[in-house]
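Chemist:
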Amino acid sequence: MACEEAMQTEELEKTLTEEEEKTAKDYYFKSYSHFGIHEEMLKDYVRTDTYRRSILQNTHLFKDKVVLDLGCGTGILSMFAAEAGAKRVIGVDMADIADVAKEIVKENGFSEDKILIIKGKVEEVVLPVDHVDIIISEWMGYFLLYESMLDCVLFARDKWLSPNGMLFPDVARLYVCAIEDETYRREKVNFWDDVYGYKMSAIKAMAMTEPLVDIVPAKQIISDTKCILELDLYTCKKEDLDFTSNFELTMNRQDFAHGLTAFFDVQFSKCHIPTGFTTAPFGEHTHWKHTVFYLDEPIRAIPNSKVYGSISVQKHPKNPRDLVIELTTESPDSNQARQTRRYLMR
Ligand SMILES: C[S@@+](CC[C@H](N)C(=O)[O-])C[C@H]1O[C@@H](n2cnc3c(N)ncnc32)[C@H](O)[C@@H]1O
Numbered sequence: 072m073a074c075e076e077a078m079q080t081e082e083l084e085k086t087l088t089e090e091e092e093k094t095a096k097d098y099y100f101k102s103y104s105h106f107g108i109h110e111e112m113l114k115d116y117v118r119t120d121t122y123r124r125s126i127l128q129n130t131h132l133f134k135d136k137v138v139l140d141l142g143c144g145t146g147i148l149s150m151f152a153a154e155a156g157a158k159r160v161i162g163v164d165m166a167d168i169a170d171v172a173k174e175i176v177k178e179n180g181f182s183e184d185k186i187l188i189i190k191g192k193v194e195e196v197v198l199p200v201d202h203v204d205i206i207i208s209e210w211m212g213y214f215l216l217y218e219s220m221l222d223c224v225l226f227a228r229d230k231w232l233s234p235n236g237m238l239f240p241d242v243a244r245l246y247v248c249a250i251e252d253e254t255y256r257r258e259k260v261n262f263w264d265d266v267y268g269y270k271m272s273a274i275k276a277m278a279m280t281e282p283l284v285d286i287v288p289a290k291q292i293i294s295d296t297k298c299i300l301e302l303d304l305y306t307c308k309k310e311d312l313d314f315t316s317n318f319e320l321t322m323n324r325q326d327f328a329h330g331l332t333a334f335f336d337v338q339f340s341k342c343h344i345p346t347g348f349t350t351a352p353f354g355e356h357t358h359w360k361h362t363v364f365y366l367d368e369p370i371r372a373i374p375n376s377k378v379y380g381s382i383s384v385q386k387h388p389k390n391p392r393d394l395v396i397e398l399t400t401e402s403p404d405s406n407q408a409r410q411t412r413r414y415l416m417r
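Every letter in the sequence shown is one number past the one before it in this note's numbering, and letter 69, counting from 1, is 140.
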């Protein structure tokens with residue numbers, strides 16, 4: 072086994088001790104306890120305004136309904152739902168921000184009868200109702216599935232959503248496309264080949280193993296895009312979130328593909344007019360940015376040449392909020408050998 076491959080495997084197979092596992096979980100909710108992360112999300116206008124429109128332009132759906140706001144954070148979506156005429160909104164969040172949300176809803180004139188904030192894990196809390204009519208949740212992580220919060224939405228759906236209940240959003244899709252990224256790859260990966268004259272191959276291997284989350288300018292996309300996962304939130308199961316997808320990309324210019332980038336979109340399909348947003352490089356930027364998987368060997372692309380790929384996404388066995396992603400690509404059109412790499416998103 073080549074040295075780099077061995078390091079890849081070792082990195083991925085490292086299992087967390089119980090203590091580390093607990094720390095990872097604590098860290099997750101701790102990160103949502105500080106107002107900074109909520110400020111970043113609230114200032115993401117694409118995100119927050121789409122949720123606002125999906126709720127406030129659809130008061131006919133919310134009027135007199137019981138709404139669960141799963142992972143309510145500051146309570147912003149709870150307040151939209153109450154303003155849209157919901158009979159009662161129940162906001163649940165495990166992070167300390169829930170204590171602040173209680174103050175926020177009060178400050179804005181909502182009584183506990185209108186918006187009840189419960190601090191706790193959705194898997195453990197007791198709701199004051201047996202069923203809810205609508206579940207709203209902003210659960211999407213980087214690469215859509217990172218953080219695995221969708222599992223909690225599915226848990227809540229199966230436990231509390233009434234038979235004709237609605238989910239906001241209710242459709243999510245994940246896509247990939249090929250990108251040219253020589254400059255950035257050099258800056259982020261090849262940098263470790265020569266650091267003031269010293270080699271730091273161990274860090275280079277780590278940099279290759281972790282997908283990079285950053286903005287990819289649309290002009291760097293050199294192929295069409297393919298959907299690798301489509302989720303109907305009414306019917307999907309937890310098991311569907313670990314998946315393998317085969318795809319075929321068609322290159323649209325002569326260049327080198329240094330990696331693939333992934334992005335997602337979500338839809339609120341019950342709305343009166345189509346409502347949703349995309350995190351694609353060719354859309355407005357969002358705080359989710361784009362997720363880049365660098366290839367070991369850049370692929371020579373010519374117009375209409377094909378790259379055949381396979382991507383498999385699994386939750387990390389010890390810390391399910393992390394993802395293990397395996398990507399295989401080959402391009403017979405440019406005599407490019409098959410290459411496979413495992414990535415760890417943490
Ligand atoms: C992405 S934030 C969204 C916050 C807010 N809804 C908004 O749109 O601004 C997700 C929130 O869900 C909470 N959360 C994640 N998993 C949870 C769980 N299992 N139980 C309760 N809260 C959870 C996090 O603490 C975090 O505050």
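Ideal Cβ positions, reconstructed from N, Cα and C, are used throughout, including at glycine.
These numbers come from a predicted model, not from an experiment.
1. Excluding the 5 residues preceding and the 5 following Val384 in the sequence, name in chain order all residues of the same chain whose CB lies nearer than 7 Å to its CB.
2. Suppose you measure from the CA of Met78 to the CA of Asp184; what does that come to, to the nearest Å?
3. Could you tell me which residues DSSP puts in a beta bridge with Gly156?
4. Indicate the three-state DSSP secondary structure (helix, strand or coil) for His329 in the structure shown.
5. Using 10 angstroms around the beta-carbon of Asp201, count the other beta-carbons present and answer buried if the total reaches 16, otherwise exposed.
6. With distances taken between CB atoms, is the gap from Ile186 to Met150 smaller than 8 Å?
7. What alpha helix (DSSP H) runs, 4 residues minimum, are completely inside the stretch 235-322?
8. In its own chain, which residues sit with a C-beta less than 8 Å from the C-beta of Trp263, not counting the 5 before and 5 after it?
9. Could you pull out every residue in the same chain whose Cβ sits closer than 6 Å to the Cβ of Ile373, ignoring the five residues on either side in sequence?
10. What do you get for Cys248, buried or exposed, if any count of 16 or more other CB atoms within 10 angstroms of its CB means buried?
11. Out of curiosity, what's the CA-to-CA distance linking Asp367 and Glu218?
12. Report yes if the CB atom of Tyr103 is closer than 8 Å to the CB atom of Ala166, and no otherwise.
13. Just list the residues that DSSP pairs Asp336 with in beta bridges.
14. Does the beta-carbon of Asp295 have 16 or more other beta-carbons within 10 angstroms, so that it is buried, or is it exposed?
15. I'd like to confirm something about Thr145: is its beta-carbon nearer than 7 Å to some heavy atom of ligand 1, or not?
16. For Phe181 and Glu253, what's the separation of their Cα atoms in angstroms?
17. So, is Tyr267 buried or exposed, given that buried needs 16 or more other C-beta atoms within 10 angstroms?
18. Indicate whether Gly347 and Thr145 have their beta-carbon atoms separated by less than 8 Å.
19. Under 8 Å by Cβ, that's how I've got Val163 and Cys143 pegged, so tell me the actual separation to the nearest angstrom.
20. Taking Ile207 as the reference, which of Val287, Ile292, Ile126 has the closest Cα?
21. Name, in chain order, the residues that DSSP records as bridge partners for His131.
Modeler: Result, derived from the coordinates:
1. Within the sequence shown, numbered from 1, the residue matching residue 384 stands at position 313. Excluding positions up to five away in sequence, the list reads Leu216, Asp313, Phe314, Leu394, Ile396.
2. By one-based count along the sequence shown, residue 78 stands at place 7. By one-based count along the sequence shown, residue 184 stands at place 113. In this prediction, Met78 scores a pLDDT of 46, lower than 50, which makes its location untrustworthy; the coordinate-derived value is nonetheless stated afterwards. Taking the straight line from one Cα to the other gives about 55 Å.
3. Taking the first residue of the sequence shown as 1, we reach residue 156 at position 85. Gly156 pairs with nothing; no bridge assigned.
4. Your numbering for residue 329 matches position 258 in the sequence shown. Reduced to three states, the DSSP call for His329 is strand.
5. Within the sequence shown, residue 201 is the residue found at index 130, counting from 1. It counts as exposed.
6. Numbered from its first residue, the sequence shown carries residue 186 at position 115. Numbered from its first residue, the sequence shown carries residue 150 at position 79. Against a cut-off of 8 Å, the Cβ pair of Met150 and Ile186 comes out as a contact.
7. 253-259, 272-280
8. One-based indexing of the sequence shown puts residue 263 at position 192. Only Lys270, Met271, Ser272, Ile274, Lys275, Ala278 meet the Cβ criterion.
9. For the purposes of this step, residue 373 is identified with residue 302 of the sequence shown, where counting begins at 1. Once the five neighbours on either side are set aside, the close Cβ partners of Ile373 are Gln325.
10. Working through the sequence shown from its first residue, we reach residue 248 at position 177. Counting Cβ neighbours within 10 Å, Cys248 comes out buried, since at least 16 surround it.
11. To locate residue 367, count along the sequence shown from 1; it is residue 296. To locate residue 218, count along the sequence shown from 1; it is residue 147. Straight-line Cα distance between these residues: approximately 26 Å.
12. Counted from its first residue, the sequence shown places residue 103 at position 32. Counted from its first residue, the sequence shown places residue 166 at position 95. In this structure, Ala166 lies closer than 8 Å to Tyr103 by Cβ.
13. Here residue 336 corresponds to residue number 265 of the sequence shown, with the count starting at 1. Partner(s): Arg244, Thr349.
14. Position 224 of the sequence shown, counting from 1, holds the residue named residue 295. Within a 10 Å sphere around the beta-carbon of Asp295 sit fewer than 16 other beta-carbons, which makes this residue exposed.
15. As a working mapping, residue 145 is identified with position 74 in the sequence shown. In this structure, ligand 1 has a non-hydrogen atom nearer than 7 Å to the beta-carbon of Thr145.
16. Your numbering for residue 181 matches position 110 in the sequence shown. Your numbering for residue 253 matches position 182 in the sequence shown. Rounded to the nearest angstrom, the two C-alpha atoms are 52 Å apart.
17. Your numbering for residue 267 matches position 196 in the sequence shown. Classification for Tyr267: exposed.
18. As a working mapping, residue 347 is identified with position 276 in the sequence shown. As a working mapping, residue 145 is identified with position 74 in the sequence shown. No, they are not a contact pair.
19. Residue numbering aside, residue 163 sits at position 92 when the sequence shown is read from its first letter. Residue numbering aside, residue 143 sits at position 72 when the sequence shown is read from its first letter. So it is a contact: roughly 6 Å between Cβ atoms.
20. Taking the sequence shown and counting its residues from 1, the one referred to as residue 207 is at position 136. Ranking the options by Cα distance to Ile207, first place goes to Ile126.
21. Looking up residue 131 in the sequence shown gives position 60. Beta-bridge pairing links His131 to no other residue.
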